[in-house]
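Engineer: Chains A and B, in that order, give the protein sequences. Here the UniProt record's numbering is used: position 82 in the first sequence is 82, and no number is missing along the way. Here the UniProt record's numbering is used: position 97 in the second sequence is 97, and no number is missing along the way. Quick one: the structure is below, questions incoming.
Number of protein chains: 2
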Amino acid sequence: MIETFTALADPNRFRIVEYLLGGARSVGAIGEALNLNQPQVSKHLRVLKEARLVDVEARAQQRLYGLRPEPLRELNAWLERYRDIWDERLGQLDSLIEELKTQDMEAAQRHARKKKG
Amino acid sequence: MIETFTALADPNRFRIVEYLLGGARSVGAIGEALNLNQPQVSKHLRVLKEARLVDVEARAQQRLYGLRPEPLRELNAWLERYRDIWDERLGQLDSLIEELKTQDMEAAQRHARKKKG
DNA sequence: ACAAAGTATTCCTTGACGGGAATATACCCC
DNA sequence: GGGGTATATTCCCGTCAAGGAATACTTTGT
């Protein structure tokens, strides 16, 4: 998780990731598109690869780098644990909403029991 | 976005955020719980505050720090743009699935046309 | 085998960041 | 208002990471 954040914390690496959203690209293409020197592109891609954010496919003498899903999934899973904080609901209303839900469920149960009994 | 990643990239700041998931806490409580010296806690909280990940509430001479939703929401929104990559589907199977869906739709259309005609 | 294209690695320098220690600031209570 | 508590800030130092330049490696085509 921290490695993911570290990898994405660098502006140029972030740009690379954003760029790769358009599909896998070669090192040269990335450098040209983002106006970066080739060595720095390779170095950033190394960090991204170690963070499992990208993988490589050899294509002749080129290397095509593309995004990988795992770290993004983990990021999403991590974020889920904070749902109570960032989700639409404004916190204060939480308990109220939960209360209403509970009331609904209780009402439904009463309803079901009535039918049965 | 990058500021969010930067803030969360530091191990101790990450730990602080995780700890605050349990609710707002004072600087002293954070330091004690995570075994950090008070000045470093204050410094990390400063970074987190500038990244809008936390806010402060004065309580006597204590300061209660709590999580804020905005950056987490932004993170979620950013992640959404990568859904095609990290969502359940395993990438390679994507086109196949899309194909099947299309076939289903075509079948449904044929079906509908038959009924109509 | 050689030349060229594409990429990776190394070396160096510099700036930013985190931790420790000391100090400053704000608030409370008597 | 002085002393104590809680937090913020400053200074210093060591480390680490990013960029530039040069170089090494690998694959391809002839």
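No residue lacks a Cβ here, since even glycine has one placed at the ideal position from N, Cα and C. Nothing here was measured: the structure is a model prediction, and the numbers come from that model.
Check whether chain B comes within 7 Å of residue 25 (chain A), counting only Cβ atoms and requiring the distance to be less than that.
Structural biologist: Not an interface residue.
Engineer: Quick one: does residue 35 (chain A) have its CB under 7 Å from some CB of chain B?
Structural biologist: It does not; no Cβ of chain B falls within 7 Å.
Engineer: So with CB distances below 7 Å, who are the chain A contacts of residue 9 (chain B)?
Structural biologist: Near residue 9 (chain B) (Cβ distances below 7 Å), the residues of chain A are 2, 5, 6, 9.
Engineer: Is the CB of residue 16 (chain B) under 7 Å away from at least one CB in chain A?
Structural biologist: Chain A contact via Cβ: absent.
Engineer: List, in order along the chain, the chain B residues whose C-beta lies closer than 8 Å to that of residue 82 (chain A)?
Structural biologist: Residues of chain B passing the Cβ test: 21, 67, 72.
Engineer: Quick one: measure Cβ to Cβ for residue 74 (chain A) and residue 1 (chain A), integer angstroms, because I've assumed they're closer than 8 Å.
Structural biologist: About 6 Å separates the two Cβ atoms, so the contact holds.
Engineer: Measure the Cβ-Cβ separation of residue 27 (chain B) and residue 63 (chain B) and say whether it is below 7 Å.
Structural biologist: It is a contact, given that the beta carbons lie within the stated cut-off.
Engineer: Verify whether the separation of the beta carbon atoms of residue 82 (chain B) and residue 34 (chain A) is less than 7 Å.
Structural biologist: Their beta carbons are not under 7 Å apart, which means residue 82 (chain B) does not touch residue 34 (chain A) by this criterion.
Engineer: So is residue 30 (chain A) in contact with chain B if we call contact Cβ pairs under 7 Å?
Structural biologist: For residue 30 (chain A), the answer is no, since every Cβ of chain B falls outside 7 Å of its Cβ.
Engineer: Which value, in whole angstroms, describes the spacing of the CA atoms of residue 93 (chain B) and residue 12 (chain A)?
Structural biologist: Because the pLDDT at residue 93 (chain B) is just 49, under 50, the model does not fix this residue reliably, and the point stays unresolved.
Engineer: So, using beta-carbon positions, are residue 85 (chain B) and residue 67 (chain A) closer together than 7 Å?
Structural biologist: Closer than 7 Å, so yes.
Engineer: Which residues in the same chain have their Cβ closer than 7 Å to the Cβ of residue 52 (chain B), if we skip the five residues on either side of it in sequence?
Structural biologist: Contacts found: 68, 70, 71.
Engineer: Run through chain B and tell me which residues come within less than 7 Å of residue 76 (chain A), C-beta to C-beta.
Structural biologist: Here the neighbours are 79, 86.
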